[in-house]
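Participant: Residue numbers (my numbering): 1219 to 1800.
The beta-carbon is built from N, C-alpha and C at its ideal position, and this holds for glycine as well.
Okay, handing you the structure first.
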């Protein structure tokens, strides 16, 4: 474990907000924890992050608002920014987040607002912690000998490192003694057989004993989690094998020099077992195949925390392999995920080129027609709902003027610009990103001076939401209800309106990004979009939707994957790399 305090920032600034949020937007970091912050900020950040949007402004502004000194301190160094890293993937982002929570408690920041970001843009898992030194009373938390205190605090937390390692090892899902041994080795231990179990060694010293009884007591058989993760791992390995076969990765024999050029280039350690693998003809792998396999092992370890462990027979020839998935905390027999013969086969295979428009293709169908009076576009969503709007002659000419193979893409592009709210609301209705029902404290219908009704919504943190005018149809329905039925109706209506407000905020951000990218002074109504503007808007919207993995009805946050989303079966549901920075 290495803990570092980042450079101080003068002038009451919080540059750490931009640094970490830029990493999140780039898809190489994830916000793991927001501690002691308002419900309003939490809602805003969660909403924007779910769509891959940058919230550096919101986070920085909030920390400044929570850093009022009232004249009680002369310092202008408000920011507290610390990083904590471990070698490789020996601790998961969640474990590092737990460490960060303990570190902030030990440093006296337990009650301060702070943010924990997990970064995975290097070989080593690490987190950044961002907070303010200014307490609610305006006095600053002392930074005297911060570096010494940080390391002392970290050493205290990690004093029982080995015991914690053993606890983490037993938290993994495994089915056999051999799988357990692979987990132990992946944590840097060596194992020696003893009379009643195994003796563990680390750094040349005795690290304790594990009985065979304890190993078998923790075995888990036939878990559904294991089956689902095996499918995901196969898709990940298949994807990166294809990319390596196509030459998309730099050869490991030409290692990259660090950007700062302060360090000498380092070459990843080669796995000596690769030379002991035989192909289907019983011959050692060619040098090209050995290098490709080494690149695959390196990529899986670096980007996903996946260890490949080869098993050898008594003649020291590789006959199989195991997988230790540190993200899912599961060990596998490799053959249950992908046969060894398939793992070492890098013959390129033709795949359909993925497109960002696939997001729309998987969730709606588009129809363009004429009802005798005007041209229209109708979309049918995956849930069966349909929407129809008139389209302009410009859109019809664009659609009719392209080749047959391109018509579907043009129709989807036009639909994405015209039915943006409907598409986003349909998805958010199926998979809400906020549990508004449990976050809302009260909802009241208030009659305004003009005789119309509006909703007054108060959240659990006591913060009122600006009043939202009721639609005429909703107002009419409300008036017809009996007093006993009105509270539940208002709650459902509030959830719908808040979801719609989220959708509108996201769409407004997409419109602003499209305006900036196209260079237009004013972004017109979608029906008047030029082909260039429509294409840019549709792709920006697709990038936002792809953060939800819309096409496969999955909305989990991704944790390990880095890079652009692709339609290779069901990819790892831990971290989407198609982020949109705005």
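1. Is the beta carbon of residue 1342 less than 8 angstroms from the beta carbon of residue 1300?
2. Short of 7 angstroms in beta carbon distance, which residues of its chain neighbour residue 1515, apart from the five on each side in sequence? Order them along the chain.
3. Is residue 1503 helix, strand or coil when you go by DSSP?
4. Please state whether DSSP places residue 1765 in a helix, a strand or coil.
5. Which residue wins for smallest C-alpha separation from residue 1258, given the options 1698, 1530, 1708, 1654?
6. For residue 1465, list the residues DSSP reports as bridge partners.
7. Looking at the strands, I want to know which residues DSSP matches up with residue 1529.
8. Which complete alpha helix (DSSP H) runs does the stretch 1375–1432 hold, if anything under 4 residues is left out?
9. Among the residues of its own chain, which have a CB less than 7 angstroms from the CB of residue 1685, if the five just before and after it don't count?
10. Smallest Cα separation from residue 1373: which of 1682, 1678, 1220, 1415?
11. Could you give the residue range of the beta strand (DSSP E) that holds residue 1337?
12. Just to confirm, are residue 1309 and residue 1347 a CB contact at a threshold of 8 angstroms?
13. Judging by CA-CA distance, which residue of 1403, 1295, 1439 is the nearest neighbour of residue 1529?
14. Can the beta-carbon of residue 1760 be found less than 8 angstroms from the beta-carbon of residue 1632?
15. Which whole-angstrom value describes the C-beta separation of residue 1397 and residue 1551, a residue pair presumed to lie in contact below a C-beta threshold of 8 angstroms?
16. Any contact of the stretch 1445–1464 with the stretch 1400–1419, i.e. 3+ C-beta pairs under 8 angstroms?
17. Would DSSP call residue 1450 helix, strand or coil?
18. Within a Cβ cutoff of 6 angstroms, which residues of the same chain sit near residue 1474, ignoring the five residues on either side of it in sequence?
19. On the CB-based measure, 16 or more other CB atoms within 10 Å of its CB, does residue 1448 come out buried or exposed?
20. State buried or exposed for residue 1458, treating a residue as buried only when at least 16 other CB atoms are found within 10 Å of its CB.
21. Going straight from the alpha carbon of residue 1715 to that of residue 1262, what length do you get?
22. Apart from the five residues on each side of it in sequence, which residues of its chain come closer than 7 angstroms, Cβ to Cβ, to residue 1437?
23. Got a sec? Which residues, its chain only, sit under 6 angstroms from residue 1288 by beta carbon, not counting five neighbours each side?
24. Return helix, strand or coil for residue 1723, following the three-state DSSP convention.
25. Between 1418, 1388, 1450, which lies nearest to residue 1435 when the distance is taken from Cα to Cα?
26. Just tell me which of 1564, 1314, 1748 has its CA closest to the CA of residue 1338.
27. Is residue 1363 helix, strand or coil when you go by DSSP?
28. Measuring CB atoms only, is the stretch 1582–1592 touching the stretch 1606–1621, in the sense that at least three cross pairs come out at less than 8 angstroms?
29. Quick one, which of 1577, 1614, 1602, 1571 has its alpha-carbon nearest residue 1592's?
30. From the DSSP output, which residues share a beta bridge with residue 1636?
31. Any heavy atom of the ligand GDP closer than 7 angstroms to the CB of residue 1595?
32. Please report the residue range of the beta strand (DSSP E) in which residue 1549 lies.
33. By the DSSP assignment, the beta strand (DSSP E) with residue 1344 in it spans what residues?
34. Closer than 6 angstroms by C-beta to residue 1416: which residues in its own chain qualify, once you throw out the five before and the five after it? Chain order, please.
35. Only counting runs of 4 or more residues, tell me where the alpha helix (DSSP H) segments fall wholly within the stretch 1689–1741, in order along the chain.
36. Starting from residue 1587 and walking both ways along the beta strand (DSSP E), at which residues does that stretch end?
Facilitator: On the basis of the coordinates in this document:
1. no
2. So the list reads 1489, 1526, once near-sequence residues are dropped.
3. coil
4. coil
5. 1654
6. Under DSSP, no beta-bridge partner is assigned to residue 1465.
7. Per DSSP, the beta-bridge partners of residue 1529 are 1538.
8. 1379–1388, 1395–1404
9. 1664, 1672, 1673, 1674
10. 1220 is the residue among 1682, 1678, 1220, 1415 whose C-alpha sits nearest the C-alpha of residue 1373.
11. 1332–1337
12. no
13. Considering only alpha carbons, the answer is 1403.
14. no
15. Rounded to whole angstroms, the Cβ separation of residue 1397 and residue 1551 is 7 angstroms, and the two are in contact under 8 angstroms.
16. no
17. helix
18. Note that residue 1474 scores 46 on pLDDT, short of 50, meaning its location in the model is unreliable and no value can be drawn from it.
19. By the Cβ neighbour-count rule, residue 1448 is buried, with 16 or more other Cβ atoms within 10 Å of its own.
20. buried
21. Distance between residue 1715 and residue 1262, taken at the CA atoms: about 15 angstroms.
22. Here the set comprises 1392, 1393.
23. 1356
24. helix
25. 1388
26. 1314
27. coil
28. yes
29. 1614
30. In DSSP, residue 1636 forms no bridge with anything.
31. Questions concerning the ligand GDP fall outside what the structure shown contains, since it holds no ligand whatsoever.
32. Note, residue 1549: beta strand (DSSP E), 1548–1551.
33. 1344–1350
34. In the same chain as residue 1416, and ignoring 5 residues on each side of it, the C-beta atoms closer than 6 angstroms to its own belong to 1409, 1428, in chain order.
35. 1690–1698, 1704–1736
36. 1582–1588
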